[in-house]
Amino acid sequence: MRIPRLICVLATCAGLAACGDTTGEQALLGGGAGAVGAAVLSADPLFGAAVGAAGNVLYCKTQNNCN
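First residue of the sequence shown: 0, per numbering that gives the first Met the number 0; consecutive thereafter.
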């Protein structure tokens, strides 16, 4: 049971580390990663998606290495 959970955690980290080319892509990537992370932690996936989308867009807009 730990292996699938570990895979989900790694996929979430990879999704949060990714910046899209547009704001929409950034929100989609962050939202997906947030929803998966919330599901792994048995939290509300909708809330996780909202937090992930906002966090990824904010991160990508404030870092010099993202678009």
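Ideal Cβ placement from N, Cα and C applies to all residues, glycine included.
Expected contact under 8 Å - CB spacing of A37 and G47 to nearest Å: Reading the sequence shown from its first residue, position 38 is the one you call residue 37. Reading the sequence shown from its first residue, position 48 is the one you call residue 47. Confirmed, about 3 Å.
CB contact flag (A26, V50, <8 Å): As a working note, residue 26 is residue 27 in the sequence shown. As a working note, residue 50 is residue 51 in the sequence shown. No; because the gap between Cβ atoms is not below 8 Å, this pair is not in contact.
Rounded separation between E24 and P3 - CA only: On the sequence shown, residue 24 is found 25 positions in, with the first residue counted as 1. On the sequence shown, residue 3 is found 4 positions in, with the first residue counted as 1. Near 26 Å, if we compare the C-alpha coordinates of P3 and E24.
Endpoints, the alpha helix (DSSP H) within which C59 is located: One-based indexing of the sequence shown puts residue 59 at position 60. P44 to T61 is the span of the alpha helix (DSSP H), which, as asked, contains C59.
Nonlocal neighbours in the same chain, by C-beta distance under 8 Å from Q62, ignoring five residues either side: Position 63 of the sequence shown, counted from the first residue, corresponds to residue 62. Excluding positions up to five away in sequence, the list reads C18.
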